[in-house]
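Peer 1: Sequential numbering from 43 applies to the sequence shown in the working numbering. Even glycine gets a Cβ: it sits at the ideal position worked out from N, Cα and C.
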Amino acid sequence: MTNNIWRSLSVILPLILFGFLASLFLERPGLQTDEILFANLSLGEISHTTYIARKIGGITFFVISYIGALKSWIFIPIFKVFGFNYFSVRIPMILMSMVSLLLVYKSVHISFKKPLLAWMILMALVTESTFITMVRTDVGPIAIEYFCKILSIFLIFKYLQNKNQGIFYLIPIILALGIFNKINFIWFSNALIFSSLLFLYLLETKKEKVKFVKVLALIFIFECLLFIGFNKLNPGMVSSSNISFDLNFIKTKLQLFYYFGKGIFDGTGFYRIQYLISEEVFGYNIISKGIYSTLFYLFEVCLTLIIVCSFVVFRKIWRKDFDKSDIFFLFFLGIIIFTGAQIFIVENARNLWHFYTLFPFFTICLFYSINQLFGAKIKWLFFLIILIYNLNNYSVYVFALQNKVPNPFWSNKINDLAEYLKSKEGEFVELDWGLSTQLLCFTKEDKFKRGFLTKKGELMTYQKNPDEVFFNDYVNNKDLEKLFFISIQSKLADPKMNSIFEEMTRKRGYQTILIKNFYENDNTLIYSIFRLKKI
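1. Under a three-way DSSP split, which group does ASN232 fall into?
2. Quick one: what's ILE270 bridged to in DSSP?
3. Keeping to the same chain, check which residues put their C-beta closer than 6 Å to that of ALA391; ignore five residues upstream and five downstream.
4. Within 10 angstroms of its Cβ, does GLN207 collect 16 or more other Cβ (buried), or is it exposed?
5. Is there contact between the region 87–99 and the region 181–188, where contact requires at least three CB pairs shorter than 8 Å?
6. In its own chain, which residues sit with a C-beta less than 7 Å from the C-beta of TYR243, not counting the 5 before and 5 after it?
7. For PHE62 and PHE441, what's the separation of their Cα atoms in angstroms?
8. Contact between the region 455–468 and the region 521–530 is defined here as three or more beta-carbon pairs at a separation below 8 Å; is this criterion met?
9. Measure the Cβ-Cβ separation of PHE129 and LEU68 and say whether it is below 9 Å.
10. Using 8 Å for Cβ pairs, my map puts ILE568 next to GLY72. What's the rounded Cβ distance?
11. Since VAL146 is in the alpha helix (DSSP H), which residue starts that stretch and which ends it?
12. Can you find a heavy atom of the ligand FMN that lies under 8 Å from the Cβ of THR75?
13. Counting beta carbon pairs with one atom in the region 432–440 and one in the region 162–175, are three or more of them shorter than 8 Å?
14. Runs of 3 residues minimum, wholly inside the region 350–404: which ones carry the beta strand (DSSP E) assignment?
15. Between the region 413–433 and the region 345–361, do at least 3 Cβ pairs fall closer than 8 Å?
16. For the beta strand (DSSP E) holding VAL471, just list the boundary residues, first then last.
17. Take ARG573 and list the residues in its own chain whose beta-carbon comes closer than 8 Å to its own, dropping the five residues that flank it on each side.
18. Three or more C-beta pairs under 8 Å: does that hold for the region 393–400 against the region 295–303?
19. By the DSSP assignment, the alpha helix (DSSP H) with LEU219 in it spans what residues?
20. If you reduce the DSSP assignment to three classes, tell me which class LYS421 lands in.
21. Work out the CA separation of TRP115 and ASN82 for me, nearest whole Å.
22. Using only the alpha-carbon positions, how far apart do VAL257 and PRO214 sit?
23. Taking 8 Å as the threshold, find out whether the region 336–343 comes into contact with the region 373–385 through three or more Cβ pairs.
24. Ends of the alpha helix (DSSP H) at THR175?
25. Within this structure, are the beta carbons of LEU144 and ILE377 separated by less than 9 Å?
26. Between TYR552 and ILE577, is the Cβ-Cβ spacing less than 9 Å?
27. Should VAL511 go down as buried or exposed, given a rule of 16 or more other Cβ atoms within 10 Å for buried?
28. Around the C-beta of TYR211, are 16 or more other C-beta atoms found within 10 angstroms, so that it is buried, or is it exposed?
29. Between which two residues does the alpha helix (DSSP H) harbouring LYS97 extend?
30. What is the DSSP secondary structure of TYR326, reduced to helix, strand or coil?
31. Can you tell me whether DSSP reads TYR561 as helix, strand or coil?
32. Judging by CA-CA distance, which residue of ASN449, LEU423, ASN393, GLU545 is the nearest neighbour of ASN226?
33. So the candidates are TYR201, ASP288, ILE270, LYS224; which of them puts its Cα closest to the Cα of LYS253?
34. Along the chain, where does the alpha helix (DSSP H) containing THR479 start, and where does it finish?
35. For the beta strand (DSSP E) containing TYR569, name the first residue and the last one.
36. Would you mind reading off the limits of the beta strand (DSSP E) that contains THR102?
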């Protein structure tokens, strides 16, 4: 009885730790456009053009050509109960990720039959700063994708454990939800099916093997039909998934695999790609700088260990001297290889969240490799090093949240801007990307438009959205006095937008009138609101 309690606590406490770390300073960074692209639909379509990509029978099924409305539907009751705020946007994804981590622990426990190894992997994932920051803000988005990945693996493992055929019927449903959530989930889905063929080694009778292959084949056919069907309903879905293959492309993709692989592992990737903090923050004190510089090549060491272990396991299989845990290791490795191959050939798979599809499988393979190659003392030493490494990277993130000015697209001063504009009448045009969706959701008013400026100094809008084309009429009729212009003034923003705006107003005979400035906590100017007056 006592042992069961301690075993349960050893899993529950790390999950609580993850919840605490992910929830710390919940309102920093501020809500970002990509983070809440689902929210307009969840709030009842305040705007009929903002992230409403495809309706079928009057129901919105896609918020972007390649992102389905699954998350939007999930959040409809959440926003009805809790409203739209940092808590209601972020806490549900953190809770879902806690369930995902529990499923990782259970899956590893089933596969390797080593409770201590499963616990070490859980602790490594709980403290991994990239995972904490990405599911907290759910940029990508990755939280639902991560959950669907791990749940589908867990269901396969449960089937292998008890041969319950009913479990297999749930797998295509989970994979379908994953693909609907975001189309690139099909990379993982394909990898899962082909890697699962390795489990033929674990099935004892020919009848079991034939049945297993048939089911996998049916799932593969089902997901292909689903993919084709989604693309027929929404033709733009795969327009950004062109396949390319030339020498420069290969070189660039190899660099990206290394850059993002290391960035995910050491925690810097998310900061760099989202410009949340600068590189020098990783030496914010002597201890942090010492840990970061000393363990700078830890990723390369860990990658080498996985490669060495792979050769050891392949040699064991060649000699027919392997055990079940070796097959499970190759299964996880197979997911990395098959998923990575698909990421490699898709031209526009160049962002951090694309490469995060390879996790947590890298971490699982790493700890299995350490367990196989070294004795108990070295294993514990590696575990402590990775834990210290992860916590140091997380401490940098916390330091930055408290002390550094983020990119303006991540500033939580968007709250103050929204509160100010809520009582103002008129139409508001943002002069750069990244503000209108947050303002729309915070104020619940459809008066914010995206007005990008061209190099010629003309006010541009999205021509594909009929409701926004009228802004061109304002330019043509020289009737700009009716508009408010929201400008991002931070030095971290694109200065070209502001200079082009000034050039346009001078050319058309207007002068700018400053209505209000908004400042970060360190008095950095971040947003400005202007109106125009005819000279």
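Peer 2: Answer, in terms of the structure:
1. The residue labelled residue 232 in the question sits at position 190 within the sequence shown. Annotated three-state conformation of ASN232 is helix, per DSSP.
2. Here residue 270 corresponds to residue number 228 of the sequence shown, with the count starting at 1. DSSP lists no partner for ILE270.
3. Indexing the sequence shown from 1 puts residue 391 at position 349. Excluding positions up to five away in sequence, the list reads ILE385.
4. For the purposes of this step, residue 207 is taken as residue 165 along the sequence shown, with counting starting at 1. By the neighbour-count rule (16 or more Cβ atoms within 10 Å), GLN207 is not buried but exposed.
5. The region 87–99 and the region 181–188 do not touch, with fewer than 3 CB-CB distances between them shorter than 8 Å.
6. The residue labelled residue 243 in the question sits at position 201 within the sequence shown. For TYR243, where only same-chain residues beyond five positions count, the Cβ hits under 7 Å are ILE369.
7. Along the sequence shown, read from residue 1 onward, the residue named residue 62 stands at position 20. Along the sequence shown, read from residue 1 onward, the residue named residue 441 stands at position 399. If you take the alpha carbons of PHE62 and PHE441, they lie about 16 Å apart.
8. Output reads yes: the region 521–530 touches the region 455–468.
9. Here the question's residue 129 lines up with position 87 in the sequence shown. Here the question's residue 68 lines up with position 26 in the sequence shown. Taking 9 Å as the Cβ cut-off, PHE129 and LEU68 qualify as a contacting pair.
10. Walking along the sequence shown from the start, residue 568 turns up at place 526. Walking along the sequence shown from the start, residue 72 turns up at place 30. Actually they are not in contact, since the Cβ atoms of ILE568 and GLY72 sit about 10 Å apart, beyond 8 Å.
11. Indexing the sequence shown from 1 puts residue 146 at position 104. 128–154 is the extent of the alpha helix (DSSP H) around VAL146.
12. Ligands displayed in this structure: none; no statement on the ligand FMN is therefore possible.
13. Proximity of the region 162–175 to the region 432–440 meets the contact definition, three or more beta-carbon pairs being nearer than 8 Å.
14. Fully enclosed beta strand (DSSP E) runs of 3 or longer: not present.
15. Because the criterion of three Cβ pairs below 8 Å is met, the region 413–433 and the region 345–361 touch.
16. Along the sequence shown, read from residue 1 onward, the residue named residue 471 stands at position 429. Taken as a continuous stretch (DSSP letters only), the beta strand (DSSP E) holding VAL471 covers 469–472.
17. As a first step, residue 573 is located in the sequence shown; it is residue number 531 there, counting from the start. Excluding positions up to five away in sequence, the list reads GLU523, LEU525, PHE526, PHE527, THR554, ILE555, ILE557.
18. In this structure the region 393–400 touches the region 295–303; the number of beta carbon pairs closer than 8 Å is three or more.
19. The count along the sequence shown starts at 1 and reaches residue 219 at position 177. LEU219 -> alpha helix (DSSP H) spans 207–223.
20. Translated into positions along the sequence shown, residue 421 becomes position 379. Look at LYS421 here: in three-state DSSP terms it is helix.
21. Mapped onto the sequence shown, residue 82 falls at position 40. Mapped onto the sequence shown, residue 115 falls at position 73. Going by the C-alpha atoms only, they are around 11 Å apart.
22. The sequence position of residue 257 within the sequence shown is 215, counting from 1. The sequence position of residue 214 within the sequence shown is 172, counting from 1. Taken atom to atom, the span from the alpha-carbon of VAL257 to that of PRO214 is near 10 Å.
23. Remark: fewer than three beta-carbon pairs, one from each stretch, lie closer than 8 Å, so the region 336–343 and the region 373–385 are not flagged as touching.
24. Mapped onto the sequence shown, residue 175 falls at position 133. Element bounds for THR175: 171–179.
25. If you number the sequence shown from 1, residue 144 lands on position 102. If you number the sequence shown from 1, residue 377 lands on position 335. No.
26. Taking the first residue of the sequence shown as position 1, residue 552 is located at position 510. Taking the first residue of the sequence shown as position 1, residue 577 is located at position 535. Contact flag set, yes.
27. As a first step, residue 511 must be located in the sequence shown, where it is residue number 469. Since pLDDT at VAL511 reaches only 40, below the 50 mark, its modelled position is unreliable, and no value is offered.
28. On the sequence shown, residue 211 is found 169 positions in, with the first residue counted as 1. It counts as exposed.
29. On the sequence shown, residue 97 is found 55 positions in, with the first residue counted as 1. In the DSSP assignment, LYS97 falls outside any alpha helix (DSSP H) and lies within the beta strand (DSSP E) extending over 96–98.
30. For the purposes of this step, residue 326 is taken as the residue at position 284 of the sequence shown. DSSP places TYR326 in the coil class of the three-state scheme, outside both helix and strand.
31. Locating residue 561 in the sequence shown gives position 519, counting from the first residue. Strand, per DSSP.
32. On the sequence shown, position 184 is the one that residue 226 refers to. Closest by alpha carbon: ASN393.
33. Here the question's residue 253 lines up with position 211 in the sequence shown. Of the listed residues, the one whose Cα sits closest to LYS253 is TYR201.
34. Translated into the one-based positions of the sequence shown, residue 479 becomes position 437. Looking at the DSSP string, the run of the alpha helix (DSSP H) that includes THR479 is 478–485.
35. For the purposes of this step, residue 569 is identified with residue 527 of the sequence shown, where counting begins at 1. Here the beta strand (DSSP E) through TYR569 covers 567–576.
36. One-based indexing of the sequence shown puts residue 102 at position 60. It spans 101–106 - the beta strand (DSSP E) in which THR102 sits, taken as one unbroken run.
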